[in-house]
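In this note's numbering, the protein residues as written are 1 to 277.
For each residue, glycine too, the CB sits at the ideal point set by N, CA and C.
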Ligand SMILES: O=C(O)CNC(=O)[C@H](CS)NC(=O)CCC(=O)C(=O)O
């Protein structure tokens, strides 16, 4: 089983992002991948709600989802669309940040709405208020596949260890963390958090990423950290895409999950304890 992690620089034009993504799917399949993963907001990365309002669609009308499902079916691959920004029926008009696992027949095997919202002030000049634009999800998602059970998550979810522990205890062998991490927090936290999630759970962690400077027709242009990463169930970095767009490959072997957990079965060692007084 060969996974391909796509690292790309989505802008705010979905048609342009789709062209990029399709090219990567074909390249990854030619490179031997059976499972291709794209980053968070593959279809549209924008800091402007006005641009999103014009550019985004509801799930049933979204051209990126339709095209990538058709492409996965044509190529006969499993595809994680890290996330799509989509319109919803939220009364506040907020979007969903929704991850999709697509089966080789083009069907939607699973979908997951990002639960944790990136509402942070990193510095005087750098603030994110994700919950202004997006409605958070409220359900964890585990998908069964022939190559193992996949636990879905998105980006800032990475900081909430109990989500991953729950997924692993429910049977996950692979955790997906598509992201658009900020450069500052990415440099400090991205790799150690991904490795920690793998070590704590004995899962493969697959984290396709946005990278570079994202072109914006309106609003501020954003930068992201890159470094799409694949981590083994023992916590080793198996692939790192660096700073530039491209694809990195990793061969997955379920026995590595069993081996890591046989050595340190910590996910089976939870104990009840009283909360701190
Ligand atoms: O807004 C969009 O279009 C897509 N969503 C994102 O880019 C999100 C919310 S701003 N980014 C993160 O969650 C980064 C988390 C992060 O960097 C950290 O946890 O340190």
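Distance between beta carbons of residue j and residue i, contact taken as under 8 Å
{"i": "residue 29", "j": "residue 64", "result": "Not really, about 18 Å apart at Cβ, beyond 8 Å."}
{"i": "residue 178", "j": "residue 83", "result": "6 Å"}
{"i": "residue 67", "j": "residue 18", "result": "6 Å"}
{"i": "residue 22", "j": "residue 71", "result": "6 Å"}
{"i": "residue 123", "j": "residue 112", "result": "Not confirmed; about 30 Å, so no contact."}
{"i": "residue 121", "j": "residue 86", "result": "Rounded, the Cβ-Cβ distance is 27 Å, inconsistent with contact."}
{"i": "residue 81", "j": "residue 165", "result": "Contact flag wrong, Cβ pair sits at about 25 Å."}
{"i": "residue 14", "j": "residue 44", "result": "5 Å"}
Local conformation of residue i per DSSP, three classes
{"i": "residue 196", "result": "helix"}
{"i": "residue 57", "result": "coil"}
{"i": "residue 16", "result": "helix"}
{"i": "residue 31", "result": "coil"}
{"i": "residue 225", "result": "strand"}
Residue i: first and last residue of the uninterrupted alpha helix (DSSP H) it sits in
{"i": "residue 264", "result": "Where residue 264 is concerned, there is no enclosing alpha helix (DSSP H), given that its DSSP letter is neither H nor E."}
{"i": "residue 132", "result": "130-133"}
{"i": "residue 75", "result": "63-75"}
Within 8 Å, strictly: CB atoms of residue i and residue j
{"i": "residue 231", "j": "residue 198", "result": "yes"}
{"i": "residue 238", "j": "residue 1", "result": "no"}
{"i": "residue 226", "j": "residue 211", "result": "yes"}
{"i": "residue 283", "j": "residue 132", "result": "There is no way to answer for residue 283, as the model of the chain reaches only from 1 to 277."}
{"i": "residue 25", "j": "residue 101", "result": "no"}
{"i": "residue 135", "j": "residue 96", "result": "yes"}
{"i": "residue 182", "j": "residue 145", "result": "no"}
Continuous beta strand (DSSP E) stretch holding residue i: start and end
{"i": "residue 83", "result": "78-87"}
{"i": "residue 143", "result": "142-145"}
{"i": "residue 239", "result": "237-240"}
{"i": "residue 95", "result": "95-102"}
{"i": "residue 159", "result": "Neither: residue 159 is in no beta strand (DSSP E) and is coded neither H nor E."}
Near ligand 3: residue i beta-carbon under 7 Å from a heavy atom
{"i": "residue 186", "result": "Ligand 3 is absent from the structure shown, which contains only ligand 1."}
Length-filtered (3 minimum) beta strand (DSSP E) runs lying within the segment 164-218: 174-176, 204-207 and 209-214
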